[in-house]
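Structure first, then comments.
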Amino acid sequence: SGWSGYSGIGTSGYSGASGTSGYSGGGGGGGGDAGHITIVPYAYDSIGQGTFAWTINAMYLTDSNWYNSSNVNGDEISYKVSLIAGTYTFQYIATTGPAMAITKWYVDGVEIASFDNYASSYSWSVIKKQTGIVIATSGLKTLKSKIVGRNASATNWYMYFQTISIWRTARSEEHTSEL
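Sequential numbering from 12 applies to the sequence shown in our numbering.
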């Protein structure tokens, strides 16, 4: 498939540091409080099921891709993010194709997005986005991705992604004085 290499990380492998995973930044001088968090996929907090690996391929926007090498329905991976109450947009850069599954994303167990990543041919660096996500309370949250099935035409249970981003589009009433 054109992959030049990969390394595998299983359930008992590396566990990222607690707190915000990956790079946190944004405009306005507030770091993570500025409302934009970008997560590199290998900076995870835990793997609930499956084995995940890193591929290297120049066709990807970031020249690499994180995926569930176990290829099983129910594979899941979680990240820790610190969010202020408000409304958010969630985005991840994914691969779509005939072997890709349906993924659902959750914050503290509440579904925030669902994506069918099946396509009849492969496309790399596809932006998947969900808007209007309400986070009711501020604090450290668990962001989880889980494979929850596949399109009737899909051939496997894979989930490939390169980056995860979540950014605040509006503050809640409790934080409007911080504007």
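Positions of the beta carbon are idealized from the N, C-alpha and C atoms, including for glycine. None of these values were measured; they are calculated from a predicted model.
A contact is defined here as three or more CB-CB pairs under 8 Å, and the stretch 51 to 59 meets this definition with respect to the stretch 84 to 94. By the neighbour-count definition (other C-beta atoms within 10 Å, threshold 16), Lys140 is an exposed residue.
Rounded to the nearest angstrom, the gap between the Cα atoms of Arg179 and Asn76 is 25 Å. Between Ile144 and Asn128, the gap from beta carbon to beta carbon reaches 8 Å or more.
Ala110 and Lys155 have their C-alpha atoms roughly 21 Å apart. Of the other Cβ atoms in all chains shown, 16 or more fall within 10 Å of the Cβ of Thr174; this residue is therefore buried. Contact between Tyr171 and Ala130 fails: their C-beta atoms lie close to 12 Å from each other, not under 8 Å. In this structure, Ile138 sits near Gln102, with a CB-CB distance shorter than 8 Å.
Here the alpha carbons of Ser176 and Gly150 stand approximately 17 Å from one another.
DSSP places Tyr53 in no beta strand (DSSP E); its state is neither H nor E. Counting along the chain, the unbroken beta strand (DSSP E) around Val121 starts and ends at 121 to 127. Val121 counts as exposed, since fewer than 16 other C-beta atoms from the protein chains shown sit within 10 angstroms of its C-beta. Boundaries of the beta strand (DSSP E) around Asn76: 75 to 79.
Within the DSSP secondary-structure output, Gln60 pairs in a beta bridge with Glu87. The DSSP-derived three-state label of Val92 is strand. Separation of the CB atoms of Gly97 and Ser134 is rounded to 32 Å, and the pair is thereby denied contact status at 8 Å.
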